[in-house]
Amino acid sequence: MSVASVTPRGPKPGRLTLGRFGLYAFLISAALFFSVPLYVMIVTSLKTMPEIRAGGIFSLPQGLDLSAWKTAWSGACAGTECAGVQAGFWNSVRITLPAVAISVLVGAVNGYALSFWRPRGGTLMFGLLMAGALVPYQVFLYPLVRWFATGHLYNSLPGIVLVHILFGLPLVTLLFRNYFVTIPEELFKASRLDGAGFWRIFAEIMLPMSVPMLVVAAMMQFTGIWNDFLLGLVFAGRENLPMTVQLNNIVNTTTGERLYNVNMAATILTALVPLVIYFVSGRWFVRGIAAGAVKG
Amino acid sequence: MKHRIKRSLMPFGALLPTWLAVVLVYIGAMVWTLRLSFTNSRIFPTDHYVGFAQYEKLLSSSKWMAAAGNLVVFGVLYIAGCLVIGFLLAAALDRQVRFESLFRTIFLYPYAMSFVVTGLIWQWLMNPLLGVQASVQAWGWSGFSFDLLSSRELAIYGVVIAGVWQGAGLVMVMMLAGMRGIDTEQWRAARIDGIPVWRTYVSVVLPQLGPALAAVSTILTMGVIKTYDLVVAITNGGPGTATEVPAKFIMDNLFQRQNLGLATAAAVMLLMSVLIVVAPFRFVSSMRARRKAGVL
Amino acid sequence: MKLASLLLAGVAFAATTGMAAAEDLKAEVFTSWTTGGELKAADAIKQAFEARGGTWETSSVAGFENANAAFQNRMMAGDPPAAKQVVIGMEQREYIDGGLYMPITKVAEAGHWADVMPKAIYDNVTFDGEVYEVPTGIHGESWMFYSMAAFKKAGIEAAPADWDSFFADMDKLKAAGLTPIAWGGQSWQETKVFNMILLSQVGLDGFRKIYIDRDAAAIKSEGVRKTLEIFGKLRGYIDEGAAGRNWNDATAMVIKGTAGVQFMGDWAKGEFSNAGETAGVDYGCALAPASPGMIYIGDAFAFPNLKGAEAAQDLLAEVVMDPKVQVAFSLAKGSIPVRTDVDTSQFDVCTQQAITLMNDGKIVPEHAITLTLEQTGMLTDFVGDFFSNPEADLDDAMESFAEVFE
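Residue numbers (my numbering), protein chains in the order written: chain A, 1 to 296; chain B, 1001 to 1296; chain C, 2001 to 2406.
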């Protein structure tokens, strides 16, 4: 990423001062700490079961055995079908994309309306949402299942997407409300004096300014929905079961045999899409987008 | 005249879908939950009211009391740990380092992984015979001890460590997004005034992150209340009730012990206690945030 | 037996011809079986079911908590599967009392289940005179698996027959530098060990008095105190990494020979055979010391009320009890067929021993079959709490144990 031109600040990279050295030392040691579990997962996934039983969770595998990965992707059994985690991949995509897009957009609108327009009852609504988020969502399943069954939304793709949007509301609303609060009100007032309406201010001024928060909200929603297991299991129906249902069936047996190498590979494979998103989202994490918009 | 009405109705109209969700789903489900908590419902809801019997049962349950106590310890340490480490990581990454995307992904990946398996990894890492302790001792430091999970007193700290590992990356991303929203002018000014970088972060950047911090803290609080997977995967509440948490208590009674009445009573109790603790704090911090942002 | 299978075939024929199209014999089967042996076992039922004209659809969710959550919500939505894998006994009581399951008494009568099943198990699947569940097999769960290599190294000749010699042997293992007991530090596993000791101290009748009759005197008897004493003593023979350990990780310790014994249900044999070990050669199986019999847990199918699925449900119930299916299922799963009239020659030494015990009536159901789910949970909490607290007072523990049954 070359963002240096937009960001005139701090020492230039490449000049290795003591401070920079300390900075990298901190980052690298933190990265090492964070990576330890991943390292264990990867080496375990490359071992054979006898090697794993022999112990030594940090030891390197004796050979490069990729069979666990292959099994995890397309061969591991879940039920009497042995198709690995890939079976639910497209279902996960079909559930996650619309749910993320809609909920982030709704969150942005909510945050914008609550922060700048402050309609009557807005604070109450926000408070209720926050309170709702403090109840473990499993408690809400029963009534929701009933309502969905009555409304013919149960066991359908729109149904599961709607469930994710509903449960995501507190989070996205909170994120955007607290983000827009930091944007100077003068900017909003000026636009209103220019005669811009609710949606125009939102689309032309506020949305472009909230790119970093859009990215964060999308990331969080994506991760949450992609990793959801219980809601998908209950609401999606047999045709739309997400990847995590297969993952659970592979890793979560009680009295069956546990193939740790396959479990590790399946877990990493299931997490790959969010991981790629984390990696490429960097280009939007750029200083100055919001600040620049304020000035312009 | 017409124009004016449209303008004042629009924000309300934009919030309407969320209002609907709040009233129908959140309030509806909460009322439903409250009602059931006064019944002796077992697997299905009944109308057999038993007054406060479920609450009395709850308060006399040593398991619930242990769970509530653990939640406080876990919550405080987890939130503090995530905030401190997340902020430090964000500040470090904000210093325009090389491989920022890589570092960011490393700090964030735990958030993307199913805890069923990463929990097992932590269980291994903290196992005195398999994990970190065994390795460090093998390198020659024979007195080294890292054996949290077998102890009734220390196990909860083991859960905290794994929790912070999972949650700190999220705080980092949100802080980073906030930092990138700060006007570059302020950086320039601070540099001209000769203020050291670390002080700029503490006294210029941190105060401006107020709303973002509030959002992060709220999200972490929601996470703490709902902590379930983490505990199930690492300790399953043990040894004894040393790491029992309310969400697990609720889930157990909901789906394992078929005691809907007790589960809903626990959910109500949890919500009430959190509101009593959090509400005043939230109120003050949001007022302060608004004032600072010039909204009030 | 011949007559029975003839009859079965006859009923099946009637059912298939009556319903004609395979469409009508479609059954969605909801199980928690998702891995290796479990799948092969389920497949044995599936094959037989489809050979008789049924169409089998699998819905599997691993982990009991997850499976229950999904299933309960589907029942709530009025969208049940045709068959649900359940634990025999009290687990499904609420559903049955609520009239949500279809009785299969007719199938049971036509197949003479009462004559071919041990009475204890037949009672477990009968509720108020109606049969609601068809058992797929039972698991013996009061086993002590031991490593031949470890025993040899410590100079132990044979599996200990009583608790005194057990502790003497454990001391020998310790002296040989081995971990005496491969302990799975999760309370559900600990509860199984507790039950094994309890059975050895109060006997088959005492065990039934406590867990089936909830007899106050038996619950407070000296045998329970002795049980807690022995159980507590085990704390001194486990390694420091036992907390939270999965049972299969404990089994791996026995396979490696670094630990002497593991107390576990017969499903642990799957781990041994996956590691290429043979019962009676590389590892031994014996009932827990001083056991007068065996504790069992059993899986079954129950059939939620579902319009249009009745024929498929009846057929599935018949198929599960088919002698060949019973044998094939248990061979794959490591369990024990519930029929006393099947060919047992293909089973390993451990299962043979279990079958003899079953046929002699020397079996008792574990607590989960006879207690309510809430009591089961309380018992698990009690045992986990007691074991993890070396300072636990015996009198207090006796009281807490009694509270489970109130």
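Built from N, CA and C at the ideal position, the CB exists for glycine as well.
Values in this document were obtained by computation on a predicted structure and should not be read as measured data.
Against chain A, a Cβ distance below 7 Å from residue 2076 (chain C) picks out 142, 145, 146.
Beta bridge pairing from DSSP links residue 2146 (chain C) with C:2261, C:2284.
Fully contained in the segment 205-291 of chain A are the following alpha helix (DSSP H) runs of length 4 or more, in chain order: 211-227, 230-235, 243-251, 260-280. Taking C-alpha positions only, residue 1230 (chain B) is separated from residue 2188 (chain C) by approximately 18 Å. Neighbourhood of residue 1011 (chain B) in chain A, by CB distance below 7 Å: 113, 117, 119, 198, in chain order.
Contact annotation, residue 2406 (chain C) with residue 1258 (chain B): C-beta distance approximately 18 Å; criterion of less than 8 Å not satisfied. Between the segment 196-207 of chain A and the segment 264-274 of chain A there are fewer than three inter-stretch CB-CB distances shorter than 8 Å, so the stretches are not counted as touching. Under the Cβ distance rule, residue 256 (chain A) counts among the residues neighbouring chain C, one pair being separated by less than 9 Å. Look at the segment 2223-2251 of chain C: the residues with a C-beta under 8 Å from a C-beta of chain B are 2239, 2240, 2241, 2242, 2243, 2244, 2245, 2246. If you check each beta-carbon in the segment 2370-2393 of chain C against every beta-carbon of chain B, the ones closer than 7 Å belong to 2373, 2374, 2377, 2381, 2384, 2385, 2388, 2389.
Among the residues of chain C, those whose CB is under 8 Å from the CB of residue 234 (chain A) are 2069, 2070, 2073, 2074, following chain order. Taking 9 Å as the CB threshold, residue 2064 (chain C) lines the interface with chain A. In this structure, residue 2170 (chain C) sits away from residue 2132 (chain C), with a CB-CB distance that is not shorter than 9 Å. A straight-line Cα-Cα distance of about 53 Å links residue 249 (chain A) and residue 1186 (chain B). Within chain C, 2381 have C-beta atoms less than 8 Å from the C-beta of residue 1063 (chain B), given in sequence order.
Under DSSP, residue 2294 (chain C) forms a beta bridge with C:2363. Interface annotation, residue 49 (chain A): in contact with chain C, CB-CB separation under 9 Å.
Residues of the segment 2263-2288 of chain C that bring their beta carbon within less than 8 Å of a beta carbon in chain A comprise 2265, 2267, 2270, 2271, 2274, 2275, in sequence order.
Listed as beta-bridge partners of residue 2185 (chain C) by DSSP are C:2243.
Contact of residue 2186 (chain C) with chain B by beta-carbon distance below 8 Å involves 1236, 1238. One alpha carbon belongs to residue 2046 (chain C), the other to residue 2216 (chain C), and they sit about 45 Å apart.
Taking 9 Å as the CB threshold, residue 242 (chain A) stays off the interface with chain B.
The alpha-carbon separation between residue 1097 (chain B) and residue 1173 (chain B) amounts to approximately 15 Å. In this structure, residue 2057 (chain C) keeps its C-beta atom at 9 Å or more from the C-beta atom of residue 2077 (chain C). The Cβ atoms of residue 222 (chain A) and residue 1102 (chain B) do not sit closer than 9 Å to each other. For a Cβ distance threshold of 8 Å, residue set 178, 179, 181, 182 of chain A lies close to residue 1211 (chain B), ordered along the chain.
The straight-line gap separating the alpha-carbon atoms of residue 2357 (chain C) and residue 2143 (chain C) is approximately 13 Å. Where residue 2059 (chain C) is concerned, the enclosing beta strand (DSSP E) starts and stops at 2055-2060. Check the Cα spacing between residue 2024 (chain C) and each of C:2359, C:2071, C:2390, C:2311: the tightest is with C:2311. At a cut-off of 9 Å between beta carbons, residue 1159 (chain B) makes no contact with chain A. For residue 2276 (chain C), there are no CB contacts under 6 Å within the same chain when 5 residues up- and downstream are skipped. Of A:177, A:51, A:73, A:75, the smallest CA-CA separation from residue 64 (chain A) is found for A:51. The DSSP-derived three-state label of residue 2140 (chain C) is strand. For residue 2031 (chain C), no alpha helix (DSSP H) encloses it; the enclosing beta strand (DSSP E) starts and ends at 2026-2031. Excluding residues up to 5 positions away in sequence, nothing lies with its Cβ nearer than 8 Å to the Cβ of residue 2377 (chain C) in the same chain. Relative to the Cα of residue 2126 (chain C), the nearest Cα in the group C:2240, C:2030, C:2374, C:2104 belongs to C:2104.
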